[in-house]
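Per the working numbering, residue 409 is the first one in the sequence shown, and the count goes up by one each step.
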Amino acid sequence: MPPELHFILLLVLRMAIAAAFVVSASIITERSGPVIGALVATLPISAGPSYVFLALDHDAAFIAQGALASLPVNAATIVLGLIYVVLAQRRSLLVSCGSAVAVWIVLASIIRLFDWTLAAGLAVNLIAFGICIPLLARYRHVKMPLVTRRWYDIPFRATLVATLVAIVVSTSGWVGPRVSGVIALYPIVFTSMMVILHPRIGGPPTAAVLANSAWGLLGFGMAIAVMHVAVVWFGSAIGLSLALATCVSWNLTLWWNGRRATRKALRAS
């Protein structure tokens, strides 16, 4: 088989796997309400496949360096969420989503200019989340209306994530780990939720999903930090596995604490 055809077939397969993963998680999100949906949305369902495929093509040092660039980008994502949540209360999808994505692109463009350390990346996350989580709290409690899926929803989401994977995998060799780490963390899941749910159920319910995602996104940032350290010490396979375990454990803990708080409230009433 010619090398070019082999590359194309492998790229298409990777795109299909990542798209199927994200679409499945997005459907669960729609059916579970804003709280559970937010926990699912903050699992590494788009960045995870991108990093797995990067690990197949590059060594552990590349992945570790990419993780350092991804860590401050996670802080940019919570800022994206805050901007959308606030604007979506009264503004249109175009204004809310467009402004949020534009700010994310500006922040990501600034982030890629610097050589980040683990301490600096963690500090940026602590500052960003320390500001954004309290501001998002008032927008979390909105009842999620019934969502009727349209025929183009699944193809749209699949196309978004498949395109992201194709960009990350096909350009990583010449853009390097820093830019690859930035691109890999583009918030595909958040963007698709905005575009699909906002026109259908309105801004406030869609914003509630993103507002509830703040704590889960904080855990995602910790998972990136774990990935960087673990990849350096144990290699890409173990590093990626530990990062996934960190993210899943954190979100399960959030879910359990939420259930316990609900039970206490019911008993008190």
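Glycine residues also receive a C-beta, built at the ideal position from the N, C-alpha and C atoms.
Any idea what DSSP makes of residue i, helix, strand or coil?
i: Asp-467; result: coil
i: Phe-598; result: helix
i: His-549; result: coil
i: Gln-473; result: helix
i: Gly-489; result: helix
i: Ile-453; result: coil
i: Ser-588; result: helix
i: Ser-500; result: coil
i: Phe-522; result: coil
i: Leu-515; result: helix
i: Leu-530; result: helix
i: Gly-538; result: helix
i: Gly-610; result: coil
i: Leu-593; result: coil
Report the rounded CA-to-CA distance for residue i versus residue j, giving the unit in angstroms.
i: Ser-458; j: Pro-595; result: 12 Å
i: Arg-668; j: Pro-542; result: 21 Å
i: Pro-410; j: Trp-641; result: Note that Pro-410 has pLDDT 48, beneath the 50 cutoff, so the model's placement of it is unreliable and the number below is only indicative. One C-alpha to the other measures close to 36 Å.
i: Cys-505; j: Leu-652; result: 28 Å
i: Leu-544; j: Gly-629; result: 18 Å
i: Leu-534; j: Ile-486; result: 11 Å
i: Gly-611; j: Ser-600; result: 14 Å
i: Val-532; j: Val-481; result: 9 Å
i: Ile-609; j: Gly-643; result: 44 Å
i: Leu-447; j: Ile-491; result: 20 Å
i: Lys-672; j: Asn-665; result: 11 Å
i: Val-587; j: Leu-618; result: 25 Å
i: Leu-662; j: Leu-451; result: 12 Å
i: Leu-479; j: Lys-551; result: 32 Å
Measuring alpha carbon to alpha carbon, tell me which residue in the options is nearest residue i.
i: Phe-537; options: Ala-483, Ser-478, Val-603 and Ala-477; result: Ala-483
i: His-466; options: Leu-662, Gly-589, Leu-652 and Trp-663; result: Gly-589
i: Gly-627; options: Ser-644, Ser-600, Ile-646 and Trp-658; result: Trp-658
i: Val-460; options: Ala-645, Ala-653 and Arg-667; result: Ala-645
i: Gly-529; options: Leu-488, Gly-647, Leu-501 and Ala-477; result: Ala-477
i: Ala-592; options: Leu-447, Ser-454, Thr-450 and Val-448; result: Ser-454
i: Pro-563; options: Phe-598, Ile-604 and Ala-531; result: Ile-604
i: Ser-500; options: Gly-666, His-606 and Leu-526; result: His-606
i: Leu-526; options: Ile-632, Ser-649 and Leu-648; result: Ile-632
i: Pro-613; options: Arg-675, Phe-598, His-549 and Leu-648; result: His-549
i: Ala-615; options: Gly-489, Ala-463 and Gly-584; result: Gly-489
Output yes if chain D places a C-beta closer than 7 Å to the C-beta of residue i; else output no.
i: His-606; result: No chain D is part of this structure, which consists of one protein chain only.
Tell me whether residue i counts as near the ligand MN, meaning its Cβ is closer than 6 Å to at least one heavy atom of that ligand.
i: Ala-510; result: In terms of ligand content, the structure shown is empty, and the ligand MN therefore cannot be addressed.
How do the stretch 456 to 475 and the stretch 624 to 642 stand: do at least 3 beta-carbon pairs fall below 8 Å, yes or no? yes
Do the stretch 500 to 514 and the stretch 623 to 631 touch if we need at least three Cβ pairs shorter than 8 Å? no
Quick test of the definition: if touching needs 3 or more C-beta pairs under 8 Å, does the stretch 520 to 539 touch the stretch 493 to 511? no
Extract the residue ranges of the alpha helix (DSSP H) inside the stretch 612 to 655, only unbroken runs of 4 or more that lie entirely within it. 622 to 642
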